[in-house]
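Take a look at the structure below.
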Amino acid sequence: MSFKTFKGGVHPGHFKSATEKKPVVPARPPTMVVIPMAQHIGAPCEPLVAVGDEVRMGQKIGDSKGFVSAPVHASVSGKVVKIDKCNHALGRPVQAIYIESDGLDTWHEDVQPNHNYNDLTADELKKIIREKGIVGMGGATFPTHVKLSPPPDAKIDYVLINAAECEPYLTADHRAMLERPDEIIIGVQLVMKAVNAPKAYIGIEDNKLDAVEIMKKAAEGIAGIEVHALHTKYPQGAEKQLISVLTGREVPSGGLPSAVGCVVQNVGTCIAISDAVRFGKPLIVRNVTITGSAINEPKNMLVRVGTLIEEVIEQCGGFKPNIKKMVLGGPMMGLAQPGPENLPVIKGTSGILCLSEDEVQLQEIDNCIRCGKCVEACPVSIMPLFIGSSVEQGLYEKAEAYNAMDCIECGCCTYICPAKRPLVQWIRMAKGDIAAKRRK
Amino acid sequence: MSNIITIFFGAVFINNFVLSRFLGICPFLGVSKKVETSIGMGMAVTFVMGMASMVTWLLEYYVLVPNSLEYLRTIVFILVIASLVQFVELVIRKVSPTLYQALGIFLPLITTNCAVLGVAILNIQIGYNLFESIVFGVAAAVGFTLALVIMAGIRENLELVSIPEHFRGVSLALIIAGILSIAFMGFQRMM
Amino acid sequence: MSLMNDFSKGLVKENPVFRLVLGMCPTLAVTGLAINGLGMGLSTTAVLLSSNLVISVLRKAIPEKIRIPCFIIIIATFVTIVDMLLKAYQPALHSQLGIFVPLIVVNCIILGRAEAFASKYPVVNSMVDGLGMGLGFTLSLTLLGAVRELLGNGTIFSANIMGAGYQPFRIFSFPPGAFIALGLMMAGMNILAKKFKLE
Amino acid sequence: MVGVAIITLGALGLIFGGVLAYAAQKFAVEIDPKVQMVQEYLPGANCGACGYAGCAQFAEEAVAGTAPITGCTPGGSAVAGKIAELLGIAAPAAEARKVAQLVCLGDCAVAKEKFTYHGVKDCKAALMFGGGPGACSYGCVGQGTCVQSCPVDAITMSDKGLPIIDKDACISCEKCVAACPRQVIDMVNVNANYYVRCKSQDKGKQVREVCALGCIGCGICVKKCPVDAIKMDGNVAVIDGNICNNCGICAEACPRKTIT
Amino acid sequence: METKLVVSSSPHIRASQSIRSVMIDVLVALFPAALAGVIFFRWGGFLTIILGMLSAMVTEAIILRKKNIFGDGSAAVTGLLLALVLPPIVPWWLVVIGGAVAITIGKHVFGGIGNNIFNPALTARAILTLSWVGYMVHWVRPIDLATSATPLAGASTSFYNLFVGAIPGSLGETSAFALILGGGWLLYKGHIDWRIPGGYIGTVFVMGTLLKSSGNLAGMLSAGIFHVLAGGVMLGALFMATDMVTSPVTPRGKLIFGIGCGVMTMLIRLYGVFPEGVTFAILLMNAVTPLIDKLTMPRKYGEVTS
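Heads up: the protein sequence lines correspond to chains B, P, R, S and E, in order. In terms of our numbering, the first sequence opens at residue 1 and continues consecutively. In terms of our numbering, the second sequence opens at residue 1001 and continues consecutively. In terms of our numbering, the third sequence opens at residue 2001 and continues consecutively. In terms of our numbering, the fourth sequence opens at residue 3001 and continues consecutively. In terms of our numbering, the fifth sequence opens at residue 4001 and continues consecutively.
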């Protein structure tokens, strides 16, 4: 079956071969975990434990009263040794709870399986999803219960499962589909129930045909769930683009998917939901792809939240000497880090890329030659070249007039630019400036 | 009728007032920084030049010529234009503040726009009749507006790039006007 | 000292063409030949000088409210006189300059100097100011005319400079060349101004 | 013949004058007296050289503060001075001229870096990544935001990544001071020869770790100063330019060579 | 850790394409046309091409104070394009001046690559034409190099000659075949958008057909084809109008731009004083490019069109 594709987009190389055939291996249990209080978009959590407290695995150790927020849980059992700042993927140090593991991994008593989970109501489901700290695991870390609570007047027609994994290099979701298809399907069913949607589409890019087959088999005979192979193109996995590919609907500028009757979830999130609802396990582990040409042994790993990246890297044989850049997330939207020190894996860490000098291509910025390739590539139909140049010249009002606020920061424009202009960074500066002005 | 068309297109494209007759250069360089402003300016100029063409023509042939006072032409015309513009400005400022914001603020600038006096004198020198004079006046203004808007578009785009220090401002504007002027030469003798 | 300053500022520091960017229309229109530039410049100087003189003399008599119309009439009168004189004694030049002789009336330099200087300062200063500004204008026009004539025709003041083999860069004789030549010269002036810290 | 001319001109003048006078009354609109005053000062040539639609609009914008008071080129500095006087914008004070001065010595040879930054050449942009590439969280970021902010091109970037400010060219506009996200540009007395070229409030040990020339807050200069012009502001010494007599003892005494 | 990591904004991978690689692709695409020029117009053509490119590259190297005269390749493209629109036999100094003018007035007064409003090669050609019109309309027949009029000025010729390029005309614009070859390559590489050449050639064909004053359908059609193949339309549509820097960036804008070029070209050819209007037409459309971009801003994603 052929679906219509979305406008714009680019075709970067896949770079997935290093890890796509490697099963997910569990990481060595960490001796110490660092659990940041902010692992999601929204209000950061307040610690619920103090230095010296004994905690169990799965115990809630941080929470916030804000609606757009999700609690955090201990991923080992042991003792809280300090509450201090740690480095964070976003660049600003944040408060974190440091727990020394006792090596026993005893579960907290809150973690109880739910044998008749099929009888839960939508509201009960959402409550569990919130309590177990589930957030979008594609990288944006938007709290899932918020996504599952559309405005009351919105009727949700479709649950869309983002299994595109359109970011190059990453294979964590791909492996999850190959290895845990049934859990994904259960997660999808739970999401459908939570938002009362009759249909669910699972979108998988056609560079992962093995996953398409397995998921199709898993979804066989289950009413309402369809698996679709999608023409491979970046940024397929962006919410708005996935919606227009799968349903042909277009989310209004500045609007949410619920405005067109859709809810989008990541495959990883589905597994987490299934774990939370069936077994009462909070989100304390996740699949991480560690790859790139500057790592000795590329791997897919099941890593506990709070494990220091240093340790993960060490388990992959360490960096090669030609390392130039370390990125958390995919190469198109991930965040470059100053180093692996004191930096924990969090709920949104989908990959750790270790890139060599050849891969990162640090070129000088040239003048814009107005080739228009960025306009062609832009999936939200804005004109990155004009926004970029406006910001370069300090004309932020002009940048706003060119719809800078609609940018989804997918990076297509910067990827394609022959003059190697840092368009996304300029647009981000414009967005920051405009947002600051609007708040005034 | 074809005569009128010739006059119109001649004044807009072939002998564009700004680019080949060098009239109205000051506002062309001064008020061409934003497209919206330049459109407003152009509309105001069009209105004034049409009016001025008519009034000066009437004065020439009903006041100056019968009294053999052609040598007073410059004085009389500039007086008439200055008064006319000021009068129009006063009226629309009172009558329609929105129109004043759109057009009126440009009116004082037009008084000393040599294009207005130029068109009045050219009308007499070429010997157009009343209707032809008005068409010529309006067409000249449309040509002026065209050049102004094109220039404004270009300058808006140039805001986005770094111009070499010494060429910034008038210097580069003049060179652009020169190339524009070359491009407009393509219309030569097109009638 | 002050008089000297009033005089010299128009030549270089506040040169009407290159620094203040005033009077662009005649500057571009009549500078195909150096002689035309000189003629235009001198005519403008004459008007500027006389109008500055008269306005300065009358500066206390002219009512504040209607000063602009009064200035315009004074200027227009002198323009008409210059127009007639040129027609009588320099008919060739007059026809070359064409419509731009009566248009001296709307040259921003003249009204600008009247308002900014002549209406506020004594007669002698005003005349010196007018002379300085006028000569600055004349100098610029003649210079531009000479450059355009040299490149576009190989001559200056009709004297052959470049030799018989010169293939004239004709475009500088045409309207586009006026824009380009002035633009380039202005950039050159910017460089010189920066060098000699005229800012 | 002359009579006719005079009569015609006179009649025309009367008619136009009369109509205008009538219209001016009939269609009178209130204008801010300040705007009117500014308009009086302007040459009234409506030449458009300022980029605004005539003298009236320039006057309005100048009073509103959106147009530079020096915008009128035909009027020159005389008009600008009058407008400034009217609007109460004081001309630069008579006291000693202040110039911008960089108060950080942390160039790439001196200060440690956490990582290499690559991207838009702008200090604020660089600071968005982990608080900037520099290990010192008080020092100059070195991406040249101040260079761009300078209206007279008085600031250039040295090849070691620190801005160099040309004191003679500086016009004391303080734009660079406002532009610097780290506040490492101060306005100092043009005659002052010595300043503490560091703003780090970090403890001495931390400073030593990240920078070879940073102030460690030892206080030796405070003790040595013969005229008591130096005080400690937290962990960093500050010289009061009004008291300092340029003796240079502090510079010699400073163990870290932070005072120059 | 021994090596310091690099931190920058996402994305962290880049397409391999650079300005230099784009310019090299354009040079490759122009090669057939240049070759055709050399074959038809012999040594004169070869010298003109070499001089034009050298002049442009040396001028740019002097302005940028760089030792590498190829640089990003854009000056070479400008020089070659200029050479291809010059008559086959011109004095050497004219080519040198042309190259220098193209790079200075056409490009560097605006601040260098990407900033110019007008196509540098065409700017230089127009300036040269206005200055030394005698040399610039001196056309010769291919091979024997005898003075002759161009087909546009009334010389009769066959469609075969028009297509292959065995006609009097500018050095590189006679051979439609060679130009289509190069244009196709650029289209394939994605450096040009079909809308500009499509709009341009389509409009010229339609106007050439419809404005033919007399004759039957076949005669009208052949007039349309004639206007497409004769003169500089092919070179203009495929290489000059598609110059990225000076054409609109929006898809709709590109189509409007192409059609505009076509209309202007035909108006000048049919009603103007010049037999050929490609240069002026493209310069005129260059001038309105910012306005076209402004008016054809794409509908942003999710915006409801009213």
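Ideal Cβ positions, reconstructed from N, Cα and C, are used throughout, including at glycine.
query                                                                                                                                    : result
Reduced DSSP secondary structure (H/G/I, E/B, other) of A3100/S                                                                          : strand
Touching by the beta-carbon criterion (3+ pairs, under 8 Å), the stretch 3159 to 3170 of chain S and the stretch 3198 to 3209 of chain S : no
Sheet register partners of H73/B (DSSP bridge)                                                                                           : K60/B
Alpha carbon of G4208/E to alpha carbon of V4140/E, nearest angstrom                                                                     : 25 Å
Touching by the beta-carbon criterion (3+ pairs, under 8 Å), the stretch 4019 to 4032 of chain E and the stretch 3118 to 3133 of chain S : no
CB of P36/B within 9 Å of CB of V94/B, strictly                                                                                          : yes
Length of the line joining the Cα atoms of V81/B and V51/B                                                                               : 5 Å
Where Q393/B meets chain P, residues with beta-carbon distance less than 8 Å                                                             : E1159, L1160, V1161, S1162
Residue range of the beta strand (DSSP E) that includes N287/B                                                                           : 285 to 291
Proximity test, Cβ basis, 9 Å: S3949/E and chain S                                                                                       : This structure leaves residue 3949/E out entirely; chain E is present only between 4001 and 4306.
F4040/E versus I4143/E: straight-line alpha-carbon distance, rounded                                                                     : 5 Å
Within 9 Å, strictly: CB atoms of G2039/R and L2086/R                                                                                    : yes
Three or more C-beta pairs below 8 Å linking the stretch 300 to 316 of chain B and the stretch 195 to 205 of chain B                     : no
Among L1069/P, F1009/P, M1185/P, S1171/P, the one whose alpha carbon lies nearest that of G1030/P                                        : S1171/P
C-beta atoms of L1023/P and V1119/P nearer than 9 Å                                                                                      : yes
Chain B residues whose Cβ lies nearer than 7 Å to that of G3142/S                                                                        : None at all; the shortest Cβ gap to chain B is about 16 Å.
Separation of N4116/E from P252/B, as counted between CA atoms                                                                           : 37 Å
Rounded straight-line distance, which links the Cα of K3121/S to that of D3159/S                                                         : 14 Å
Neighbour list for T4250/E in chain B, Cβ cutoff strictly below 8 Å                                                                      : G372, V375, M383
Pairwise C-alpha distance: L3086/S and A3093/S                                                                                           : Note that A3093/S scores 43 on pLDDT, short of 50, meaning its location in the model is unreliable; the coordinates nonetheless yield the value given after this. Going from the Cα of A3093/S to the Cα of L3086/S covers about 17 Å.
Reduced DSSP category for N2190/R - H, G, I as helix; E, B as strand; rest coil                                                          : helix
Residues near G348/B by beta carbon distance below 6 Å, same chain, minus five either side                                               : G139, T141
Contact under 9 Å by Cβ, T4078/E with A4121/E                                                                                            : yes
Between the CA atoms of A1052/P and I1078/P - distance to the nearest angstrom                                                           : 10 Å
I225/B, enclosing beta strand (DSSP E) - first and last residue                                                                          : 225 to 230
Euclidean distance between Cα positions of S4132/E and G1186/P                                                                           : The identity of residue 4132/E in the sequence shown is Trp, whereas the question assumes Ser. Computed Cα separation, rounded: 16 Å.
Residue range of the beta strand (DSSP E) that includes A3154/S                                                                          : A3154/S -> no beta strand (DSSP E), and no H or E assigned at all.
Residues near F1013/P in its chain [Cβ-Cβ closer than 6 Å; skip 5 each side]                                                             : F1187
Spatial neighbours of V2047/R in its chain, beta-carbon cut-off 7 Å, leaving aside the 5 residues before and after                       : I2075, F2078, V2079, V2082, I2104, I2110
Which of helix, strand or coil DSSP assigns to M333/B                                                                                    : coil
Neighbouring residues, chain E, relative to E3113/S (Cβ below 9 Å)                                                                       : K4004
DSSP state of P198/B mapped onto helix, strand, coil                                                                                     : coil
Three-state secondary structure (DSSP) of M4266/E                                                                                        : helix
Members of the stretch 2103 to 2122 of chain R near chain S, C-beta cut-off 7 Å                                                          : C2108, L2111, G2112, E2115, A2116
Limits of the beta strand (DSSP E) - the one that A4290/E falls within                                                                   : As written in the sequence, residue 4290/E is Pro, which differs from the Ala given in the question. Looking at the DSSP string, P4290/E is not in any beta strand (DSSP E); the run it does join, the alpha helix (DSSP H), is 4278 to 4295.
Span separating the alpha-carbon of M1041/P from that of T1145/P                                                                         : 8 Å
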